[in-house]
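Report on the following structure.
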Amino acid sequence: MCSLKLASPKFFASIWNVIKLSEIRVKDIEKDDAEEYSPGVEKKLIRSIDLHILPLFGLLYAVSVLDRVNLGAARVAGMGVDLELTVGDRYSIASCLYFVPYVLFQIPSSIIVQKLGPRIWLSICVTGWGAAQLGMGFVPKWGYLVLCRLFLGLFESGLLPAQVFVVSTWYKRHEVQKRVAGFYLFSILIGGFGPIIAYALTLIAPRGGLNGWQWIFVIEGAITIVVGGIAYIFFPNFPNKNRFLSEELTKIVLDRVEKDRGDAMPDEMTFTKVCTHLSDWKIWTMGIMLMCATIPTYVAGYFTPIILTSMGYTARDAMLLSAPPGVLAAFFTFVFAWISDKLRQRALLIAFQTILVIIGLTLTSYTINNGSRYFGLCLITVGSCASVPGILSYNANNVVSHTKRSISTAVIVAFAGIAGIFSTTVFRQKDYPKYLNGIWATMGCQFLLLILLGMTSYIFIRKNRLAREGKIGPLEGRQGFYYTT
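What the sequence shown shows, in our numbering, is residues 91 to 575, in sequence order.
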């Protein structure tokens, strides 16, 4: 512990720089012509950036997801009885109210991260929600649980939009989805094993005079606080303010982004710009699309253990069987992301994933055999988890400027929070065990998503054609910029 206090962030960054970047020498940094750097140098540089950014991002988002969705496992492990969550809609209320501050603080958090920088602000956020998670292990009544969930939503609101925004400042447009999927799939894996981890933590009881469900929150909350300290040391800043690349290598990063979309350097956030950005219809459309795609992920996270117990499985078996869908989702999320970046195609892949969700919802709701219902849960998890980084990248690829990308990401992630409110209210206790009303509401949102994908694709393709023919001015005010479909 003392060594951590004595060692500065700059010291750790220097070690990481030596380990990962020693193979790229300044004398190797030369251009093949007036436009392009050596492909070998770019490849090594991007690999080094990946190793510096993605593992930490994956760890941060994994603990975020774990802390967010462990409520279902804790309920199955005895919290529902101890806090009387089966009375009325108490469980749905406790799940739902988390998303109120999560939605409301998206845009303020995105403005703060521009002022303080991602390292300082997100370290505060991670430590804050870790403390809230830890506190949930000691609540005596369900009302205190709701209070802790409110603080959890408040502090977690800053993470995902900041991560997607930071990634988009380091990479070209058609390199983004693989990177978003890279840290997102790590969270899917951890989230998939969350019920198993939760079950293992319940075995600590009755040590310390705590029940099994309390140990879930105590241990996971303490781990999150430690991760907050790690984030303060290692979290990367924006490219122009990074601490792990030389000036020459930083110039390559900025040149690549500038050539790709013309916004390598950040622009100043002003109230006028915020209002202008918020008037763009694309932001709100992307937000509704992410809401529709995210609803099934919350259904899987909050209700899979509960749906499995309704099939006749014990609490232990239900928690153990909740893991395989997450493993499948992690694998296919990266496969879909690789295909999407390779083809430079977003909407078509998202539509296919949405159809998988619709098939899964149908199997889970209307088949009798447990095997087919479980396969339906797998399809729901795979399709919805793969769609989320696809839509985040779809949005990031079609906006220009740091401020607009920051605001647009905050808005659409806020819609993901609205999805959480939606999913926790339409899956009502009185509809247990089939939850047919919730299933149909979720399915309706998937059809809406397909309609919006068709609409945006048509508009983007038409505007690209008109811009190439010179019939309209430069798209997004940038010469040579064309929408990604």
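Heads up, the beta-carbon is just placed ideally off N, CA and C, and yes, glycines get one too.
Keep in mind the model is a prediction, meaning the values are calculated, not measured.
Check, Outcome
"C-alpha distance - residue 206 paired with residue 494, whole-angstrom precision", "18 Å"
"Cutoff 8 Å; reference residue 553; Cβ partners in own chain excluding five residues on either side", "562, 565, 573"
"Backbone secondary structure at residue 553 - three-state DSSP", "helix"
"Assigned exposure category for residue 99 - 16 Cβ within 10 Å defines buried", "Note that residue 99 scores 47 on pLDDT, short of 50, meaning its location in the model is unreliable; the coordinates nonetheless yield the value given after this. Under this definition residue 99 is an exposed residue."
"Buried versus exposed, by CB contacts within 10 Å (16 or more), residue 409", "buried"
"Unbroken stretches of the alpha helix (DSSP H), 4 residues or longer, contained in the segment 146 to 201", "180 to 187, 189 to 194"
"7 Å Cβ cutoff met for residue 483 and residue 267", "yes"
"Check whether residue 220 and residue 315 have beta carbons under 7 Å apart", "yes"
"Sequence-distant residues of the same chain with beta carbon closer than 6 Å to residue 322, five excluded per side", "213"
"Close-in-space but distant-in-sequence residues of the same chain around residue 295 (CB under 7 Å, 5 per side omitted)", "301, 302, 305"
"6 Å Cβ shell around residue 469 - same chain, five flanking residues per side excluded", "446, 449, 450"
"8 Å contact criterion, which residue 175 and residue 165 should meet: CB distance rounded", "6 Å"
"CA-to-CA distance, residue 557 to residue 383, given in whole angstroms", "31 Å"
"Contacts around residue 471, its chain only, beta-carbon distance under 6 Å, and the 5 residues preceding and following it disregarded", "390, 415, 419"
"Residue 263 and residue 487 closer than 7 Å at C-beta", "yes"
"Rounded separation between residue 413 and residue 288 - CA only", "11 Å"
"Three-way DSSP call (helix, strand, coil) for residue 359 in this model", "coil"
"Nearest-angstrom Cβ-Cβ length linking residue 532 and residue 385, presumed shorter than 8 Å", "5 Å"
"Enclosing alpha helix (DSSP H) for residue 338 [first to last residue]", "337 to 351"
"Given residue 361 as reference, the closest of 441, 396, 198 once Cα atoms are compared", "198"
"7 Å Cβ shell around residue 235 - same chain, five flanking residues per side excluded", "173, 184, 226, 229"
"Stretch pair the segment 373 to 381 + the segment 501 to 510: three plus CB contacts closer than 8 Å", "yes"
"Coarse secondary structure for residue 295, derived from DSSP in three states", "coil"
"Cα-Cα separation, residue 277 to residue 151", "6 Å"
"Alpha-carbon to alpha-carbon, residue 297 and residue 109", "The pLDDT assigned to residue 109 is 38, lower than 50, so where the model puts this residue is not dependable, and the model offers no usable value."
"Extent of the continuous alpha helix (DSSP H) run through residue 485", "460 to 487"
"Coil, strand or helix - residue 205 by DSSP", "helix"
"N- and C-terminal bounds of the alpha helix (DSSP H) containing residue 455", "437 to 456"
"Reduced DSSP category for residue 370 - H, G, I as helix; E, B as strand; rest coil", "coil"
"C-alpha gap between residue 430 and residue 274, whole angstroms", "15 Å"
"Closest residue to residue 411 among 465, 193, 490 (Cα-Cα distance)", "465"
"Cβ-Cβ separation, residue 328 to residue 259 (assumed contact under 8 Å), whole Å", "5 Å"
"Burial state of residue 122 (16 or more Cβ within 10 Å)", "Low per-residue confidence applies at residue 122: pLDDT is 41, beneath 50, and the placement is therefore not dependable enough to give any value."
"Collapsed DSSP secondary structure at residue 547 in the structure displayed", "helix"
"Reduced DSSP secondary structure (H/G/I, E/B, other) of residue 508", "helix"
"Which of helix, strand or coil DSSP assigns to residue 318", "helix"
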